[in-house]
Amino acid sequence: MSAVGRSGDEADRAAAERPVRRLPVIVVGILVVFMTVLDISLVALAIPAINRTFGASNTEQQWLVSGYFLTLGTALMPAGRFGDACGRRNVFVAGTLLLVVASGVAGLAPSMGWLIIARLFQGLAAGMVIPQVYGMIQRLFAADERARPLGWYAAGVVSARIVGPPLGGVLLTVGGPEYGWRWIFLVNIPIGIVATVWGWRLMPTIGRTTRPDLDPVGVLLLITGLSLLWLMQGELWPPLLRWLLFLPVGLGVLVGFVLWEQRYARQGQPLFDPRLLRLRSFALGTFVATFYFAGYNAIFFVLSKYLQEGLGHDGLEAGLALTPLPLGVAVTSFFAATKAKWVGRPLVILGLVLGAIGLAGLVVGDVFLPEPDSPHAAALPLLLSGLGGGLVLTGVGAGLVIAPNQTLTLSEVPPSEGGSAGGMLQTGQRFGGGLGVAVAGSALFAGLGSTGNWVTAFRVSWSIIIGFLLVALVASLIDLYYLRRTR
1 MSAVGRSGDE ADRAAAERPV RRLPVIVVGI LVVFMTVLDI SLVALAIPAI
51 NRTFGASNTE QQWLVSGYFL TLGTALMPAG RFGDACGRRN VFVAGTLLLV
101 VASGVAGLAP SMGWLIIARL FQGLAAGMVI PQVYGMIQRL FAADERARPL
151 GWYAAGVVSA RIVGPPLGGV LLTVGGPEYG WRWIFLVNIP IGIVATVWGW
201 RLMPTIGRTT RPDLDPVGVL LLITGLSLLW LMQGELWPPL LRWLLFLPVG
251 LGVLVGFVLW EQRYARQGQP LFDPRLLRLR SFALGTFVAT FYFAGYNAIF
301 FVLSKYLQEG LGHDGLEAGL ALTPLPLGVA VTSFFAATKA KWVGRPLVIL
351 GLVLGAIGLA GLVVGDVFLP EPDSPHAAAL PLLLSGLGGG LVLTGVGAGL
401 VIAPNQTLTL SEVPPSEGGS AGGMLQTGQR FGGGLGVAVA GSALFAGLGS
451 TGNWVTAFRV SWSIIIGFLL VALVASLIDL YYLRRTR
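1 is the number of the first residue of the sequence shown in full-length UniProt numbering; add one for each residue after it.
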């Protein structure tokens, strides 16, 4: 991530050194990123099958998804700094190898504990790889050339989101309840081995002329603070311990992280420059991204559980039902990325409004009906009002939010702080994704525990997801209000 702030001259020189290898280098990087994004939707879809194999607790099911986001989010900024220090090729190859090993352990896991540990290492591997791909784009392409490889990167991410649900459904159906979910992890191994060899042979080894400051204290404080907050989720710890120890200590450690970074900025190169929080567009934009991704990523977890365990659909049907969401993202994402600079924050606001309306469409078909005796009675109105159009509308809204909000959030950031700002924005997105799964998932399981009715539990959980989007909408409106006042 920290490579984002490199000068155009350095990138130009590097681009001239290895012009022939630029395309395959970026392709192999995007291939591994594709795998890490694909895992998110695949695993969310596979949780009911995993639950049948191991009899997983509610907390364990949440950790399969949110734990991945925890290690991914906490690794992003330190991994960007280590890429500067140790060479991007070295960190990329190490991360890809770790992804291969972790995928193998996950696919062969004999227990839920082993599977959760493997998922944590998968997230760590993804967090190691992603900053190196961004850094390679900065190094190999001049400033006026980067739009094309960044477009390829975005296309790879969107493609993974589109392919994930139907591919996961096919693997679950063909492999059956015992082996289908294992194939989801094992399919990473041959692809990862090819990417490792390809990356080692093709990626440049040129490093920085000066050794960057790793800021080890900042890294430790950031990881500790985020990890303590993550322990709040589920029923792993007694409520008293979570609320009286993990929450205040976790928040205190993160405050200490900010104070340390302020002090460290006077004598070294901090992991994150807290002065960026004084930029309204950056602070509010990061807030918007955190809460939006909390809602967006929770959709896959909650809806996959509801469709398969609540309404009785198989993995393939659930995967196909989820596909309209990423398809909607694909329709608008590339268009919106080019219009963000001209339209500004209203584009993001429109996307958030469309997303909230689309999500509401999934419950409007049955929310006013009498409580059905069987969850299957909700299937037809859900499919007609929600999946027939609601998820498409939500996806269209997502395309108007994700890339434009990133552009607007970083618009006032000085080039020298681009890496730090981009790393913090990505960390907020990943942390938000895990937070959403934890909170919405807890609401779903709590509703099931108190009522035993999937429809009621779904409504409560889905309302929380919509609430995340509404919080992001309020922050966007505040940003727009102050922007117009200062003009």
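We put the beta carbon where it would ideally sit given N, CA and C, even for glycine.
In the three-state DSSP reduction, residue 146 falls in the coil class, being neither helix nor strand.
Residue 112: member of the alpha helix (DSSP H) spanning 112-140, first to last residue. Relative to the Cα of residue 162, the nearest Cα in the group 197, 322, 232, 390 belongs to 322. Only residues of its own chain outside the window of five on either side were considered, and among them 460, 461, 464 have a CB closer than 7 Å to the CB of residue 443, listed in chain order. A distance below 8 Å between beta-carbons, with the five flanking residues on each side excluded, links residue 154 to the following residues of its chain, in chain order: 333, 334, 337, 403. For residue 187, no alpha helix (DSSP H) encloses it, and the DSSP letter there is neither H nor E. In this structure, the alpha-carbon of residue 304 lies about 30 Å from that of residue 223. Residue 61 counts as buried, since at least 16 other C-beta atoms from the protein chains shown sit within 10 angstroms of its C-beta. Inter-residue distance for residue 238 and residue 246 is about 11 Å (C-alpha atoms, whole angstroms). Annotated three-state conformation of residue 93 is helix, per DSSP. Between residue 436 and residue 298, the gap from beta carbon to beta carbon is short of 8 Å. Relative to residue 421, the option among 287, 310, 348, 393 whose CA is nearest is 287. By the Cβ criterion, the segment 44-62 is in contact with the segment 176-193, since at least three pairs of Cβ atoms, one from each stretch, lie closer than 8 Å.
Leaving aside the five residues that flank residue 264 on each side, the residues in its chain whose CB is nearer than 7 Å to its CB run, in chain order, 215, 218, 270. In the displayed model, residue 56 falls within coil according to three-state DSSP, outside both helix and strand. If you look at residue 261, you'll find it in the alpha helix (DSSP H) that goes 247-264. In the same chain as residue 279, and ignoring 5 residues on each side of it, the C-beta atoms closer than 6 Å to its own belong to 412, in chain order. In the three-state reduction of the DSSP assignment, residue 453 falls in the coil class, being assigned neither a helical nor a strand state. By the Cβ rule, the segment 122-138 counts as touching the segment 83-97, because three or more pairs are nearer than 8 Å.
With distances taken between CA atoms, residue 329 lies nearest to 160 out of 121, 116, 160.
The beta carbon of residue 51 sits closer than 7 Å to those of 61, all from its chain and outside the five residues before and after it, given in chain order.
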